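Engineer:
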Amino acid sequence: MLQQHPLLLAEWLAARNLRARARAHALKIIAGGGAALGAAAFVLVTLRQQFPAMFEWLLAYRVLMLVAVAAYALFAVGRQRRSAEVRYTQFWLAAAPVRQYSRSLAILVVSLLPLAAQLLAASVLLAAMGIVAGVAAATVAASLLWIAGGAAIGATIGWWSARRSHADALEGSRYVRQVKARTDTVPSAAALSGWPLAQVRAWGRPDNLRILLMVGMLAVQAGSSALVGLSVVAMWLLGGYLAGLLTAVLQTASMASHWLRSTPLPFAHFAWAVCRRALLYQIVGTMLAIALMVILGSPVLSALYVGGLWLSIVVLACSIGVADSYRARRPFLKLAVSFAALAIVEAREHGWSIPIAAVLAAWQLRAGAKT
Amino acid sequence: MTSIVLDVRDVHARYGKSEVLRGVTLQIRTGQWFCLLGPNGVGKSTLLHCVAARLAPTAGDIAVCGHSVRTQTIEAKRKLGFGCAPEQLPGLLTGRQCLEVYANAKGLERIDPDVVELGTALRFDAYLDRFVDTYSLGTRQKLCVLLALLGEPALIVLDEAFNGLDPGSALVVKRHLQQRLAANRCGVLLATHSLDIVEHYADKAALLLDGRIVREWSDSEIAAVREQGANRFEELLAMETGAGS
């Protein structure tokens, strides 16, 4: 069948070759997968007493859950379809005489596969939660049916709404504030400091923002006052921005270190240039978030505590990110291990994760400086 | 008086289990334009990445103006101008910002006037305040060349730097490099498939095959090949690499 659909055949061969390549790292993958499964089992067993109430809640609010899942599926499939359309116009087989039917089939498969995989993962997770908590199979099945129904409805509307493909070949910088034309060119690292901010703006295109906005609006409880409703939506948008900014620092640190590796740029200079403005924005954003949490009724001390925790996570992630990028290493495993360690410490003793994060960050910066 | 700006001694390098460089040795002097030739995948870019300290050799040593890339990395990088690949340029910065950041990274007080002049000659001025992700391949390539020339480097390392450049711009860059070489301001290491550059501009050329330098041509040998007629170098290379046999 694949022989008659060149695009699908190309995708299938690429996936198969990726699997073959992964075999070279079989031990690492097995170890990583085993660790992830172990961690998931630990979390499931630890939290099993909460699951029956969660299933009850899911069924009590099944219509809301269906709408939320449908909204997610709608945007996910729509985005996948649009990106697949763009991708296949620039694909290496773009000039090959592929029939329209075959092309549409490839786009359909590529658009639906990620959602199907997520649905499968969610089903396995819910089933595991039901088993460890001893929840009735009928309850678990009903929850799964509502989720699958929402996904099917959302996917159908998402596929249909994205049918008029707009070949989105424009560059990311169209959402970034234009730079004023100048006549002088002076050596400066200022642009490096602005790069993570520009990256977040490039990601903050309407297609992505509307998802965050939708989730924020769904999170507002019925009967809330206008102030509370606006605060909840603002909180979601702010949270998305701060998380995006942190991700942007990690990404731009990696890209900038790769680009500037042949220059004699010292680590301290590099780290300060990449993180300076992003950290300032994180501090201001966290203060705003603290204010919003207080407006939403959170005690001031708790809000300050959450803000402090977030900033310590930001500092630790930035330190690991810039240090490892500067040393031409990938920071992701170290980030995962550090966050897991912080989560364990925080679960045992509230507040201890903040000084530990500071120590780990200092250690990482020292390692970077010694490079 | 000329001095050695690049000294590569018995360099080995590998990606995972695959050994790409298997004992490369070469020297470049001030005022010398050195062309590195070879079929795709023989390790030309890998060697250039080792010289730019972007990849650590598994054995051997590389010295830029007498500074070991391995042990005196910062000093070696101060003397180096490396033309990165166009796709590595940051899309969300403007051309001017790229120049500013790169000059800052090299610790410069100001942008070299002759780089500014070269930018004007390449008609790059109009693109200075535009984002790099709106550039064509040729415009990106111009920016890569300008970045490589910042800070009066004693060794200029370029990887296929003329790919995508229009003939006029390519000529401007070649003449600029020749001026720098004639004034003994630097040495140039260029990895290329462009044989007209070898025939008309190179002082020395080497053929890299299977991770080793298998043949070198001096200035006089290149001139002799050139006098044998058009396409002679092409035939010679085809014979050496076994292509078309």
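Chains as they are written, first to last, in the numbering used here: chain Z, 1 to 371; chain F, 1001 to 1245. Just so it is clear, CB atoms sit at the ideal spot from N, CA and C, and this is done for glycine as well. No experiment lies behind these values; they were computed from the predicted model shown.
Less than 9 Å between CB atoms is the rule here; does GLY172/Z satisfy it with respect to chain F?
Structural biologist: Answer yes: the Cβ-Cβ gap between GLY172/Z and chain F drops below 9 Å somewhere.
Engineer: Determine contact between the region 345-354 of chain Z and the region 1012-1029 of chain F, defined as no fewer than three beta-carbon pairs at a distance below 8 Å.
Structural biologist: No: the two stretches stay apart, fewer than three of their Cβ pairs being nearer than 8 Å.
Engineer: Suppose the cutoff is 7 Å on Cβ atoms and the five residues either side in sequence are ignored; what does the same chain contact list for VAL217/Z look like?
Structural biologist: First, the amino acid is wrong: residue 217/Z is Met here, not Val. Same-chain partners within the cutoff: VAL233.
Engineer: Terminal residues of the continuous alpha helix (DSSP H) containing CYS1098/F?
Structural biologist: Looking at the DSSP string, the run of the alpha helix (DSSP H) that includes CYS1098/F is 1095-1105.
Engineer: Look at LEU7/Z and LEU93/Z and say whether their C-beta atoms are less than 9 Å apart.
Structural biologist: Going by C-beta atoms, LEU7/Z is nearer than 9 Å to LEU93/Z.
Engineer: Taking a contact to mean a Cβ-Cβ separation below 9 Å, would you say ALA1224/F touches CYS1035/F in this structure?
Structural biologist: No, the Cβ-Cβ distance between ALA1224/F and CYS1035/F is not below 9 Å.
Engineer: With DSSP collapsed to three states, give me the class of LEU335/Z.
Structural biologist: Three-state result, LEU335/Z: helix.
Engineer: In chain Z, which residues lie with their C-beta within 7 Å of the C-beta of ASN1104/F?
Structural biologist: What ASN1104/F touches in chain Z: PRO187, SER188 and ALA189.
Engineer: CB-CB under 7 Å to PRO52/Z, same chain, minus the five flanking residues each way: which ones, in chain order?
Structural biologist: ALA133 and VAL135, listed in sequence order.
Engineer: What separation, rounded to the nearest whole angstrom, lies between the Cα atoms of GLN49/Z and MET65/Z?
Structural biologist: Taking the straight line joining both Cα atoms gives about 22 Å.
Engineer: According to DSSP, is PHE267/Z part of a helix, a strand, or is it coil?
Structural biologist: In the structure shown, PHE267/Z sits in a helix (DSSP, three-state: H, G or I).
Engineer: Assign HIS1200/F to buried or exposed, taking buried as 16 or more other Cβ atoms, counted over all protein chains shown, within 10 Å of its Cβ.
Structural biologist: Classification of HIS1200/F: exposed, given that the 10 Å Cβ count is below 16.
Engineer: If you measure beta-carbon to beta-carbon, which residues of the region 1067-1079 of chain F are closer than 7 Å to chain Z?
Structural biologist: Residues ILE1074, LYS1077 and ARG1078.
Engineer: Which same chain residues end up closer than 8 Å to SER165/Z when comparing Cβ atoms and leaving out the 5 residues on each side of it in sequence?
Structural biologist: For SER165/Z, the pLDDT reaches just 49, beneath the cut-off of 50, and the residue's location in the model is therefore unreliable, although a value from the coordinates is still provided. Same-chain partners within the cutoff: ARG81, ARG82, GLU85 and VAL86.
Engineer: Hey, which unbroken runs of the beta strand (DSSP E) at 3 residues or more fall wholly within the region 1167-1243 of chain F?
Structural biologist: Runs found: 1187-1191, 1204-1209 and 1212-1217.
Engineer: Output yes if chain Z places a C-beta closer than 9 Å to the C-beta of PRO1086/F; else output no.
Structural biologist: Chain Z contact via Cβ: absent.
Engineer: Can you tell which of SER143/Z, GLY172/Z and TRP159/Z has the C-alpha that lies nearest to the C-alpha of TRP57/Z?
Structural biologist: Comparing Cα positions, the closest option is SER143/Z.
Engineer: Using a Cβ-Cβ cutoff of 7 Å, what residues of the region 257-270 of chain Z are near chain F? List them in chain order.
Structural biologist: Answer in chain order: HIS258, TRP259, LEU260, ARG261, SER262, THR263, PRO264 and LEU265.
Engineer: List, in order along the chain, the chain Z residues whose C-beta lies closer than 9 Å to that of PHE1082/F?
Structural biologist: Ordered by position in chain Z, the residues that pass the 9 Å Cβ test against PHE1082/F are ARG261, SER262 and THR263.
Engineer: Give me the DSSP bridge partner(s) of HIS1067/F.
Structural biologist: Partner(s): VAL1064/F.
Engineer: Establish whether the CB of GLY1091/F and some CB of chain Z are separated by less than 9 Å.
Structural biologist: Chain Z, which has a Cβ nearer than 9 Å to the Cβ of GLY1091/F, makes this yes.
Engineer: Do GLN1088/F and ALA191/Z have their CB atoms nearer than 9 Å?
Structural biologist: Going by C-beta atoms, GLN1088/F is not nearer than 9 Å to ALA191/Z.
Engineer: So GLY172/Z and VAL200/Z are supposed to be a Cβ contact under 8 Å. How far apart are they, rounded?
Structural biologist: That pair is no contact at about 11 Å.
Engineer: For ASP1159/F, count the other beta carbons within 10 Å of its own beta carbon; 16 or more makes it buried, fewer makes it exposed. Which is it?
Structural biologist: Counting Cβ neighbours within 10 Å, ASP1159/F comes out buried, since at least 16 surround it.
Engineer: Give me the residue from LEU1195/F, GLY1164/F, LEU1155/F and THR1192/F with the minimum Cα distance to LEU1181/F.
Structural biologist: The option with the nearest alpha carbon to LEU1181/F is LEU1155/F.
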